[in-house]
Every structure is written in structure tokens, then in C-alpha cells.
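What follows is a short report on a single structure.
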Amino acid sequence: MPGTPLLEVGRLVHMTPWGFVMEVSVTVNGEVRTVDVEPRTLLAHFLRDELGLTGTNIGCDTSSCGACTVLVDGRSAKSCTMLAVQVDGADVTTIEGLAGKDGLHPMQEAFHECHALQCGYCTPGMVMAAVSLVDEYSDLDADGVREGLEGNLCRCTGYQNIVKAVLAASE
Amino acid sequence: MTVTDTPFAGGVVGEARLRKEDPALLTGEAKFIDDLELPGALWVACVRSPHAHARINGIDTSDALAVDGVIAVYTGTDLADTWAAPLPCAWPVTDDMKNPDHFPVAQGKANYAGDIVAVVVATSRYAAADGLEGVVVDYEPLDAVVSVEDAESDRVVIHEDLGTNVSYEWPLIPDPEGVDAAFEAATHHVTETYVHQRLIPAPMEPRGVAVVPAPHNGDMTLYSSTQIPHVLKVMAALTLGVPEQKLRVIAPSVGGGFGCKLNVYAEEILCMALAQRHGVPVRWTESRTEAAGSTIQGRAQRQTIELASDADGKLTAVRATLLADMGAYLQLVAPGVPLLGAFLYHGLYDVPFYSFTCKSVFTNLTPTDAYRGAGRPEATYAIERAMDALAVAVGVGTDEIRSRNFIPTEKFPYDSPAGLVFDSGDYQPALDRAKELIGWDTRMAEQAERRAAGSTTHLGLGISTYVEMCGLAPSRVLASLNYAAGGWESATVRILPTCKIQVVTGASPHGQGHETCWSMIVADRLGVDPDDVEVLHSDTAISPLGMDTYGSRSLSVGGTAIWMATEKVVEKAATIAAHMLEANPEDLELTGGVFSVKGSPEAEVPLAGVAFAAFTAHDLPDGVEPNLEAQVTWDPPNFTFPFGAHIALVEIDEATGAVDLVDYAACDDCGNQINPMIVEGQLHGGIVQGIAQALWEEAIYDEDGQCRSANLADYLVPSAAECIDMKLDHTVTPSPTNPMGVKGIGEAGTIASTAAVMNAVVDALRPLGVTEMAMPASPMAVRRAIEAAGGGAS
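The following block contains the structure:
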């Protein structure tokens, strides 16, 4: 029967004409969002297609490029490598949640100042990864930034200005 | 009006101005193709042949049609009547070029792994993917042709109706007897063979298409992650038979292109056809792994280059012979890619005799086409690697052999042996500066010390000097090369009633920063704030005329059109201002946004006043139309010829074969710079892309034509951890080809850097007897080369 609760494993699971759906309740950019999703839904698709947060980009299918990086409970995570159901109860920040009322986040500002983006497709993921990196490590040097951002690919900048921006923002 | 002698007097051009594109891209506000909200859209997924070469004996779609959400499944046969023409190749380089029919969905036979054999239409992207699993294709695998040598032999003819795998042969030998005589008389005759491996362009945004039809009035909007909305509109209209005036093409934010989005792809035409058929929006987004079989690849050619020189190493002739891999079909400009390098195999050296021949063949691999530099990185690589070999033969330094052969500065404009006219150049200062940046003498001494000490950690220094032809292109030259379109660019500059500015450009940016640069050009001349200039682009309804962005053309062709349209609108404004001031237009000058009468500075009127007067039209001079708007289409008289010198320093561990890039310096000359920050950014990215060819990247195919490096886990696009900071500087030699004196910088880094790194690698290993190294110079390739040379520690 459509919409009938079938069983309860942490969250409600429903049966619909399209198969199982599961209720996910997650805080995204400070707002609690409760949505029914197919259990196989990737977090990246959940954010983009269900919540309309298209700032999180998808650049590969092997967890290699990092374009989809978001913060899950404050730490960077590749949202193409998580299921939406895994963030049930978690706190997720996407690029849309980074700039505040006072303008850009210091990391976004540093990317702008240092010309650390060109086409901008990797940028949301790169910025989120950089925010997490700077948060995690004090005293970052250029090598530390390069190693720390190894999971985020950029095809335009050659990384020189990205490293510069992250170092500037870390000060 | 007086036109000032210097092209830029407003104090805006030349400034490292931050980009106006950034805020939207930094916040997720920018909309890329997959971000578009299209209610009710159907999703398309493509069934692609897993075989490189196979007959299709049957396709069973019943299981797919039973999948929840799947609306329809079409095979090539189902859609055969849909196409007005095959997918276009716009560059039939010879009259007898062989060009196989290429339809969006294969009919009867798949010719490479990735060829579309059926298409699933479904209500969601997940349902479409589910549907793929249900399509059962009965393939009869055939022998695959995966190497250019095998292709040339015609052992297996891929397109039976053509009778051969050779698409065309294209020679450029202005004086055959002169070339032969030069080689006969040569003291040194160097012959080198190089292979350019296949590269996957891999812009970070995969491709995507969305089509919104209006079934009742016949309109159709095609959104595509493309570099060429204007060219695409013409080609899509011809391929599908949609009336061009009903078709609108929009490139939303595009996440990089590097040439691979300079095409007319099967999925674009297919989605248009399916939107027409279903009467609702239809969309497709490429997955990264899919891209190895759905998006063109680059390079893929085998080169033989011969140099003839006298005893001092002064070049007397250059002869280059190519065997180029077109892949399974001819994509939009693929046959022309080798031709873009055909004129440059003598590099920036003064050589009297020249010979170039290219043969291009079909293989059962993903089609190739333009990839950043397109033909020019290949040419630069050949001549620059060969110059190092010549230096060794002559017994002089790799810097000295170049200095002896540079086209002397006084010879510009230089009539090249291949028939071009190089606009301007001054090569030695660029090499001197690059040597200074890298610390040439110190590093050479360090290398000598290590060698003397018998160190097994080898230092190598590699130079690559280059000249490229860019700013594509004079339409008449393109005509002589059989290209099916022109090389002009269009611009409109519009001064709005409130003195804000709209610029409409036919260039179509995808990361280059055109909005910032075009604003600066206009603001510099008009004396307005660059933030008051809005640049409109990439939508054929807003910018109907354009030839788009590729070949480092946007500034020197498109930017020049903007510069000229600005001059034209200033001229009109001056006529109105003169009327307001009761002066002669010839006596007015526009400085800082104010028209004043020369010699009577008190008589002035601001541009804003003129703009409003042009809008109200209450009191315009006789014969002057209301409003301030000017349109210019500019067709350049020549290419532009940027140049420079790049030097790489590598360290190689003899035991492991690992190549460590230690330092990199470059001095480039792209003429006058609009925004030096953006110039440097283009160089950074371009240099890394070229280094990646030398050290990391390769689309590896096995003997069955399967791509073994189809995704970013296996295809080594470098990360920050592999890259280093580069030391850049520039010289400025303005181009006489255009009024701004600009040249172009989008491809320069990639054109130069591959050869610099490979020359450094070979230089490092020379004491071990290594004279040649395949790309990419992976640890395994380095170890193999050392072992083949019989040297080195084991």
C-alpha cells in the first residue's frame, strides 16, 4: 500500500509505487529539512535535486575530484560518496551556507582576491575542503595545503593561486 | 575626434583587476547545465557499445521498457529517419577527404567503445540509469584497430564503404627541391620520432544537454555545456532540419572546455530530436567515466621530424611527417587539428626550407579533436625536442642552439618558410629572462657537480621556446584551408540612458574571465567604472552573431571587435556632444567620461549627459539616430604570434625512476596585456596541463580498444600535491595585427610546457645513455628507458 509504514529502522521506511523510501531529517545550512528519499540516493543528488542546493557540483563518479565536497558535522566529506540516509540527524553545510549576511566567508574572499578560480566548477568543493583543512590544522604551510587538498581537482588554475588563497585565509 | 596614439589611456587596462565572475561562482549562485530547473523534463541515458568494433545483430528493449519510470527506448534503426544529415565535420581539409557517416545513434555497427547504440528516456536520472541495465544488445565483436600503424595498413577497414582507413593526406612543401638539397648539403641531419599519447581533456564539469521545446509554435531552446553556442546553432539546424530562426542556443555557466566542448555532439542532436518527439523538455548529463567514450580526446599522433643544419648548428631545413589518429569518426574540426600545427614545425627559428606532410587515419577509438593548443603543442614538442638532439649533435648548449637559430628581431614581420607572416617577435630577451628566473648557470653547475660525484639523483634542465599562431582567424586563410566557416567576431557596445554600458560579445567564455576583461577595455575608453559595464554572451537570442571561443581568439578577435565598437559609439556620442557644445566633433576629446573641447577645457559635457540626450532624442543633430549603440564585426587580417621561453628543472631518482618537478620558470609575450592577473592565471593552468602530458596523463587503450584509464581514479589529472609554484615573467611586443596590440594567452602554457619537461627528463638521464623517453614519463617509463640504454643502478 502506498505510503504505509513498513518497518522502522531508526527512521520510518515507506513503500511507494516506486519502491522503498526512507525519511531523512538533516540540518542543512542551519535549517532542518525532512525529506523522503530512495535509500540509494546519493547525498550529492539529495542536496541538488531534492533541496535545490545546486552549488554542490558533481565532477566524477569515483570519489576522485572533490567537486561535491560539503561539510558534514564540520568536517569535509565528498557528498557523492555518501548516501543521503547516512546524514540523517547530521549537520550539513554546503557552499550556499558559507557566505553570511556580512558577505563572503574569508575563504571565499581569499579565493576572489588571489584569483584562485577560473571556470568555478571545482570551486565550491575546493572552498569547502579548504575551510575544513584550515579548521583542522593550524600552522599550515604551502606543502600542507597541497597535501591537504590532494582530493580536490582543478583543471584551470594549476593550483598556484589556490594554495596562495588558502594560506592567506589561514592567517 | 582625436584618437590617441597609445591604445589605452584610461588607466583601467593593465590593472590586475579582480574578476566580476567570481561572486556567483564562489557562492553556488552560478548555474551550470545540470543545475537548470526544468519541470517535467525527461532524462536521457545512452546505451554505449562496450566493444570497440562490433556488429549489432539485434537489440531487445523489453526489459528496459518494463522498468518503473522508463518512458521509451530507441535504437539507431528507430531513429534513422530523424536526421536531416549526419553529425557535422566542418573541416574537410582536402577535396577527397574520406568522412564516414556518423549518426547520433549507431546503425548496424558500433565503431568504438562508447558509440551510442540505443537511448533510454525516463522520468528521472535514476530511472534512466536503471533502464540502461535492461537493454540487451546482441553484439558480434570484430577485430579492433587501435594503433595508427595498424590503421594505416588497412588490415581491418573500419568503414567498409570508404575502402580504407586513411581519411586524408595533406602536404605543405613549398619548395621540395630546396628541402632535398638542404638535407643533402647538411653537416648534421637529426631524425627523431615522437608519439603524442591520447589525452582526455577532462574539464571539471562533464558535458550536459537540456532541450526545451515549444511544440505548438515550433521554438526550441538548446542548452549545452558548450564553448560554441553560435556554431552549434547553425550546425544543429542543419543536422536536424530545425529552422534556424526557431532555434535558440544557450551555454549557461560552463565549467571549463579546453577544446573538448568545441564540438557538435551526438547527445546535443539526440536530445533535440527526443524533445521534438516527446514534446517536453529532455536532458542528459554525462558521467565522468562515460566521458571517455562520449567526449573527444586530444593529441594522438606519431611524428617524425628531421632537421638539417650546417656545422655550427644553423638550421637549413625542417621536414615533419605525421600520422594522426582521428578515432572512429571525424568530429567537428578534427581533420584541421594537425593543420593548426602544420605551419609551426620550424618553431621560432629562421629556416629557409620547410616540408610538412600529415596522413590521418581512422581507428576504433574515441574520436579525437581540438584539445588546448590543438596542433601547436604537437608542433612545438617536435621541434623543441629535436633542437635538443641537434644541440647534442653539434656539441653546444641547448640554450645556445636556440639563440643561433632564432628569427632575428629585425626580420619582423617575418615571412615564414611555411607561408605565414609572423607579426612581431623578439625572442632572445624572453629566453634570457627565463634563464635568469630559473638560475640557469647555478643549476648547470649543480648538475655538473652531481655528475662528477656520480650521484644517482640526476638533475635535468629543459628549455622549450615557442611561437604559436592564434587568434583564429582571417576568414580568407580559413577558406584556403577548406574550413567551412569564417574567423570573424562580433561585438555591440550600447550606452544605456543612465550611462551604464551593455557589451554584447560573440565570444563564449567558460572560465577565461571575459566579463572582467571586456568591461576593462570598454571602461578604459569611456571613462566609466568597469562595474558599470555588463557583458552579455553565450545566448544566441541576446548575442545573435558570434564565432565563439577557442584557439586563443577571444581577445585578439572578439576583444578587438569590442574595442572597435567602443570607438564607433564614441564617435557617435562625440557628434551629439559637439552639437550640445556647439563645437566641431573633430575638436572634442573624451577623457575620464567627459567630452571637452581641446584648448577650451571649460566647454565640456559628461558622457552621461550625452547618453541621456541620445535617449530623449529631443535635440539631436540632423541625420543622427537616437540611442548610443554600435555594432562591429571584425575579421582579422592575420593571426597573432605569441611567443616565449619556458624552462623546467627536474630531479630523477635513478633507482625508482620517479621524476620530481623541482622548478619551473617562464617568460611569455602575449603583446599588450589587458589584465595581468588573468594572463598569469591562464599560464598557470596551461603550463600544468602541458606538464601533465609529459609526466602523468594518458588515455590507455588495450589491444581490444578498451580505455583502461576512463575515470579520474585511473586517469591522472594532477592534484595540488603534484604541482609546484611557477616563476613567471613577461616581455611585451605588441602585435601590429590589431589596434590593441594584443596576441592571446589561453593556450601558450600548454604549448610550451610539455617539451620543456621532457627535455629536462632526457637531459637528466643523458649520462645514462638515455636519448629518448616516451610520454608520460612515469617511473615505469623512466626505468624502462634506463634499462634499455643499459645504464643506471638496478
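Chains as they are written, first to last, in the numbering used here: chain A, 30 to 200; chain B, 139 to 932. Ideal Cβ positions, reconstructed from N, Cα and C, are used throughout, including at glycine.
Buried or exposed: where does residue i fall if 16 or more other Cβ atoms within 10 Å of its Cβ makes it buried?
i      : result
A832/B : buried
G609/B : buried
I680/B : exposed
Q650/B : buried
L270/B : buried
S738/B : exposed
P31/A  : Summary for P31/A: the model assigns pLDDT 42, below 50, so the residue's position carries little reliability; its value from the coordinates is reported in the next sentence. Classification for P31/A: exposed.
A836/B : For clarity, residue 836/B is Glu in the given sequence; the question names Ala instead. E836/B comes out buried.
D160/B : buried
D537/B : buried
D143/B : Residue placement at D143/B cannot be trusted, given a pLDDT of 49 that sits under 50; what the coordinates show is reported in the next sentence. Exposed: under 16 other Cβ atoms inside 10 Å.
A154/B : exposed
H191/B : buried
R77/A  : buried
N776/B : buried
Thinking C-beta only, is residue j closer than 8 angstroms to residue i?
i      : j      : result
H416/B : L634/B : no
A223/B : L470/B : no
H822/B : S891/B : no
G624/B : D773/B : yes
I659/B : L787/B : no
F560/B : P551/B : yes
A902/B : G598/B : yes
S362/B : E428/B : no
K158/B : E653/B : yes
L164/B : Q137/A : yes
T643/B : H675/B : yes
V231/B : L616/B : no
M410/B : A374/B : yes
A858/B : L71/A  : no
A194/A : A158/A : no
G665/B : G730/B : yes
L453/B : L445/B : yes
R437/B : E516/B : yes
V673/B : S690/B : no
G397/B : F481/B : no
L942/B : T91/A  : This structure does not reach residue 942/B, given that chain B is present from 139 up to 932, and the question cannot be answered.
S425/B : P344/B : yes
A462/B : Y688/B : no
N401/B : I443/B : no
A389/B : P367/B : yes
V286/B : V255/B : no
Would you list the one or two residues that DSSP bridges to residue i?
i      : result
Q441/B : Y332/B, L460/B
R157/B : Per DSSP, none; premise fails for R157/B.
H822/B : Paired residue(s): none; H822/B is not in a bridge.
S105/A : L100/A
L766/B : I633/B
H717/B : Paired residues: none, contrary to the question.
H596/B : I790/B
If contacts are defined as beta-carbon pairs under 8 angstroms, then residue i and residue j qualify, I think. What distance do you get, rounded to the angstrom?
i      : j      : result
W308/B : L477/B : 7 angstroms
P503/B : G465/B : It is Leu, not Pro, that sits at residue 503/B in the sequence shown. Their Cβ separation, rounded to whole angstroms, is 5 angstroms, which keeps L503/B and G465/B in contact under 8 angstroms.
A251/B : Q844/B : 6 angstroms
V99/A  : V121/A : 6 angstroms
V671/B : I714/B : Between I714/B and V671/B the Cβ distance is about 20 angstroms, and since that is not below 8 angstroms, they are no contact.
M44/A  : P68/A  : Not really, about 12 angstroms apart at Cβ, beyond 8 angstroms.
F733/B : A699/B : Going by Cβ atoms, the distance from F733/B to A699/B rounds to 24 angstroms, so no, they are not a contact pair.
For residue i, go through chain C and note every residue whose CB falls closer than 8 angstroms to its CB, in chain order.
i      : result
F140/A : Among the protein chains in the structure shown, which are A and B, there is no chain C.
- [ ] Check distances from the C-beta atoms of the segment 142-175 of chain A to those of chain B and list, in chain order, the residues that come in under 8 angstroms.
- [x] Going along the segment 142-175 of chain A in chain order, one finds E142, H144, L146, Q147, C148, G149, Y150, C151, T152, P153, V156, A171, V174, R175 with a Cβ nearer than 8 angstroms to chain B.
Task: Selection of the segment 85-103 of chain A by Cβ proximity to chain B, strictly under 8 angstroms - done: The residues in question are T85, N86, I87, G88, C89, D90, T91, S92, S93, C94, A96.
Task: Near-chain A residues of the segment 316-344 of chain B (beta-carbon distance less than 9 angstroms), N- to C-terminal order - done: Hits within the stretch, in order: P339, A340, P341, M342, E343, P344.
TODO: Report the residues of the segment 817-831 of chain B with a CB closer than 9 angstroms to any CB of chain A, ordered along the chain.
DONE: Those would be E818, G819, Q820, L821, H822, G823, G824, I825, V826, Q827, I829, in chain order.
Task: Interfacial residues, the segment 851-874 of chain B to chain A, with Cβ spacing under 7 angstroms - done: Across the segment 851-874 of chain B, CB contacts with chain A closer than 7 angstroms involve A851, V855, S857, A858, A859, C861, D863, M864, in sequence order along the chain.
Open item on the list: If the cut-off is 8 angstroms on Cβ atoms, which residues from the segment 176-195 of chain A count as contacting chain B, listed in chain order?
Closed with: Shown in chain order are the members of the segment 176-195 of chain A whose Cβ falls below 8 angstroms from a Cβ of chain B: E176, L178, E179, G180, N181, L182, C183, R184, C185, T186, G187, Y188, Q189, N190, I191, V192.
- [ ] Scan the segment 258-275 of chain B for residues whose Cβ lies nearer than 9 angstroms to a Cβ of chain A and list them as they occur along the chain.
- [x] Per Cβ criterion, the list reads S262, R263, Y264, A265.
- [ ] With 8 angstroms as the limit, tell me which residues of the segment 116-134 of chain A have their beta carbon closer than that to any beta carbon of chain B; keep them in chain order.
- [x] Across the segment 116-134 of chain A, CB contacts with chain B closer than 8 angstroms involve T123, I124, E125, L127, A128, L133, in sequence order along the chain.
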